[in-house]
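Number of protein chains: 2
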Amino acid sequence: MRELNYHPNNIAQQLRGQGTKMIGVVISFITNPFFAYLVDAVDRALSAEGYRAVMLQTLEDPAKEAQYVAMLQSKQLDGLIMADLENDSDEVAELVQAGKIVLCNRYLGTRPLPIIQIDEEQAAYAATAYLLDRGYQRLAFCTGGERNPQDLRFKGFEKALADHGRTFNEAWYFSEVLTEGDGAALIKRLAANRPAGADGDTALPDAIFSNGDQVAAGMLQGARTAGWRVPDQLAIMGFDDQPVAALTNPTLTTVRQPIKAIGTAAAQTVLAHIRGEAVPPIPALTTTVVPRETTR
Amino acid sequence: MRELNYHPNNIAQQLRGQGTKMIGVVISFITNPFFAYLVDAVDRALSAEGYRAVMLQTLEDPAKEAQYVAMLQSKQLDGLIMADLENDSDEVAELVQAGKIVLCNRYLGTRPLPIIQIDEEQAAYAATAYLLDRGYQRLAFCTGGERNPQDLRFKGFEKALADHGRTFNEAWYFSEVLTEGDGAALIKRLAANRPAGADGDTALPDAIFSNGDQVAAGMLQGARTAGWRVPDQLAIMGFDDQPVAALTNPTLTTVRQPIKAIGTAAAQTVLAHIRGEAVPPIPALTTTVVPRETTR
DNA sequence: CTGAAAGCGCTTACAG
DNA sequence: CTGAAAGCGCTTACAG
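Sequence lines, in order, name chains A and B. Letter 37 of the first sequence, counting from 1, is numbered 37 in UniProt numbering, and no numbers are missing. Letter 123 of the second sequence, counting from 1, is numbered 123 in UniProt numbering, and no numbers are missing.
Right under this line is the structure:
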């Protein structure tokens with residue numbers, strides 16, 4: 001058969017009932033290293049079981065996400081891992097209940113759906129407390145998406161402030177800051193508005209909590225350009241502990257997340273559902289603040 | 001039908017002859033930002049035409065690559081874009097000729113196969129000449145894989161040295177340097193062996209050409225740790241112009257590659273073959289040295 | 001043990 | 001215009 005260059009048609013095999021052995025992994029942007037590492041972890045775990053990960057980017061477009069759910073329903077995919085959910089629909093909720101979709105990382109909807117994620121609120125609380133304990137007083141919060149009342153990280157951030165007897169300055173909530181460039185631009189903009197005189201400094205934050213290292217690294221570069229000294233005048237707290245966090249100068253203080261464990265657990269959970277096996281227990285997904293040089 | 005929750009089985013549709021509308025994109029590591037950006041470009045170009053990119057990591061394992069070629073032959077994939085080729089086999093060569101596989105980025109084999117890539121030799125020549133023109137004299141070369149006689153970048157590097165009347169010190173060819181950590185470790189090792197006295201410095205390179213920014217950023221961090229001053233005592237030339245190149249301090253001088261254009265061209269070429277249309281012309285894939293702070 | 005038939009779920013061409 | 005049948009390429013169960 002090798003001689004005749006014959007290759008069985010896998011589509012016909014699939015139709016006979018074995019499924020496609022493909023699992024979709026829905027993320028927002030593959031160019032965000034956090035998602036690259038997550039997809040890598042899922043891919044390795046699925047490959048070990050003879051399945052294939054299909055990377056599906058939403059680019060934060062709900063229409064794309066709907067296409068991916070349709071691929072699942074039309075049986076092109078045996079399952080779906082969603083690390084980002086734009087449409088909090090009944091349809092998705094039902095597929096989650098049915099075990100065809102496994103949610104991980106982040107869910108900003110209002111339903112009580114199972115999701116594989118770190119304790120987002122506690123992680124943000126710990127990072128914020130870390131900043132306050134080091135004497136920073138005027139904290140800003142920065143996120144990639146739109147402001148969302150379900151955001152657990154912001155809840156943890158607010159709670160830490162409250163527990164330390166501080167109130168949040170609403171002017172320092174920055175949303176839609178997605179890229180390195182966005183982070184740098186934000187800092188430059190703030191620095192440009194800095195009032196003259198030493199007292200004027202209280203008009204500016206002295207610490208920023210960023211929801212990702214990529215953006216934090218951009219902020220750091222923006223501060224360098226603007227002559228804003230880190231960590232003396234401004235502390236920067238990243239999130240994820242991506243490789244870039246150890247490559248900047250000063251290096252980034254950040255919150256380490258167990259990306260590999262999240263991806264592996266999501267892969268094993270969706271496979272257990274597909275095979276009708278008992279879902280394995282999710283390991284503890286612990287986070288730690290990694291002290292580096294962007295905080296004093 | 002919406003009511004009855006009916007969804008046509010796409011596998012049956014595929015069997016009737018429309019193909020899977022899936023194109024595999026073979027890369028070595030998705031965690032290397034260069035490949036993340038390449039996959040992103042391919043994905044966007046394919047999505048616009050109703051096709052889907054399936055990210056396939058080889059992890060530099062030839063057996064995995066063979067599996068991906070088998071997926072193509074068993075019709076699970078309509079085509080394959082290979083940005084990394086481990087097995088220089090007859091089988092792959094035939095599939096390239098047949099238009100089922102499109103090569104891009106890099107091919108270290110010996111066959112005269114079409115490939116979508118920058119002028120690797122010229123790009124490396126220009127980067128090397130840039131270092132020599134700035135007075136660096138003792139150049140090292142660093143690559144991620146094994147040493148390969150077909151490596152066009154090393155040919156360009158050697159040619160620039162020769163044209164400037166310099167010979168290459170073979171002791172300064174560093175291979176298998178893949179990650180940030182590998183880059184940092186290499187620099188620390190070199191610095192540790194540095195002989196005492198000012199003259200001893202000639203025993204060390206004063207400039208390093210790195211085949212990727214990720215590794216170059218690791219080298220920079222290693223130099224910082226070791227107290228090796230960049231760019232005075234050591235120049236670092238990166239490759240790709242990944243975002244990290246602008247996020248380090250000092251920022252990385254590097255060679256900008258048109259990643260998006262490469263990915264888009266690869267996607268359009270494979271689609272043209274699948275559809276039996278004329279293959280669109282490949283745009284000029286020009287590179288430029290981006291001067292930043294790791295060179296004087 | 002071997003070989004022909006049924007069936008997976010569609011779509012398309014054809015008969016009524 | 002409507003509806004039943006053929007066929008995509010396999011695998012499995014069954015008849016000979």
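We treat Cβ as the ideally placed atom computed from N, Cα and C, and that holds for glycine.
- Between residue 237/A and residue 161/A, the C-beta gap is not smaller than 8 Å, which leaves the two residues out of contact.
- CA-to-CA, the gap between residue 87/B and residue 149/B works out to about 16 Å.
- Using a Cβ-Cβ cut-off of 8 Å, residue 247/A counts as an interface residue toward chain B, since at least one Cβ of chain B sits closer than that to its own.
- For the set 255/B, 258/B, 191/B and 262/B, the Cα lying nearest the Cα of residue 229/B is the one of 191/B.
- In this structure the segment 181 to 191 of chain B does not lie against the segment 206 to 220 of chain A, because fewer than three pairs of beta carbons, one per stretch, are closer than 8 Å.
- Taking C-alpha positions only, residue 235/B is separated from residue 139/B by approximately 9 Å.
- Around residue 134/B, the same chain offers 235, 295 and 296 as residues with beta carbons nearer than 8 Å, after the five sequence neighbours per side are excluded.
- Residue contact check for residue 75/B against chain A: a CB pair falls below 8 Å.
- Taking a Cβ-Cβ cut-off of 7 Å, the neighbours of residue 244/B in chain A comprise 244 and 247, given in sequence order.
- In summary, residue 276/B is exposed, with fewer than 16 beta-carbon neighbours lying within 10 Å of its beta-carbon over all protein chains present.
- Contact check between the segment 287 to 294 of chain B and the segment 57 to 64 of chain B: fewer than three CB pairs, one atom from each, fall below 8 Å, which does not count as touching.
- In the DSSP assignment, residue 210/A forms a beta bridge with 142/A.
- The contact set of residue 218/B on chain A, defined by CB atoms closer than 8 Å, consists of 247 in chain order.
- Taking the Cα positions, residue 54/A is about 23 Å away from residue 16/B.
- Exclusion of the five residues before and after residue 279/A leaves 269 and 272 as the residues of its chain whose Cβ lies within less than 6 Å of its Cβ.
- Around residue 9/B, the beta-carbon contacts reaching into chain A at under 7 Å are 74 and 75.
- Taking a contact as a CB-CB distance under 8 Å, the pair residue 40/B and residue 30/A counts as one, their CB atoms being some 5 Å apart.
- In the three-state DSSP reduction, residue 24/B falls in the strand class (E or B).
- Nearest Cα to residue 44/A within the set 263/A, 282/A and 283/A: 263/A.
- Residue environment for residue 251/B: buried (at least 16 other C-beta atoms within 10 angstroms of its C-beta).
- Under the three-state reduction of DSSP, residue 179/B is assigned to coil, being neither helix nor strand.
- Taking 7 Å as the cut-off between beta carbons, none of the residues of the segment 260 to 284 of chain A comes near chain B.
- With a minimum length of 3 residues, the unbroken runs of beta strand (DSSP E) contained wholly in the segment 30 to 95 of chain A fall at 52 to 57 and 79 to 82.
- In the DSSP secondary-structure assignment, residue 288/B is bridged to 256/B.
- From the beta-carbon of residue 15/B, the residues of chain A found nearer than 9 Å are 9, 11, 12, 14 and 15.
- Pairing residue 46/A with residue 23/A gives a Cβ-Cβ distance under 8 Å.
- Contact between the segment 106 to 123 of chain A and the segment 145 to 159 of chain A is present: three or more C-beta pairs spanning the two stretches fall below 8 Å.
- At a beta-carbon threshold of 7 Å, none of the residues of chain A lie near residue 241/B; the nearest stands roughly 13 Å away.
- Using a Cβ distance threshold of 8 Å, residue 168/B and residue 128/B do not count as a contacting pair.
- One Cα belongs to residue 291/A, the other to residue 73/B, and the distance between them is close to 51 Å.
- Between residue 101/A and residue 11/B, the C-beta spacing is not below 8 Å.
- Contact with chain A is absent for residue 120/B, since none of that chain's Cβ atoms lies less than 8 Å from the residue's Cβ.
- For residue 36/A, the chain B residues whose C-beta falls within less than 8 Å of its own C-beta are 30, 31, 33 and 36, listed in chain order.
- A Cβ-Cβ distance of about 14 Å is found for the pair residue 217/B and residue 255/B, leaving them out of contact under the 8 Å criterion.
- Annotated three-state conformation of residue 247/B is coil, per DSSP.
- With 16 or more neighbouring CB atoms inside 10 Å of its own CB, residue 248/A falls in the buried class.
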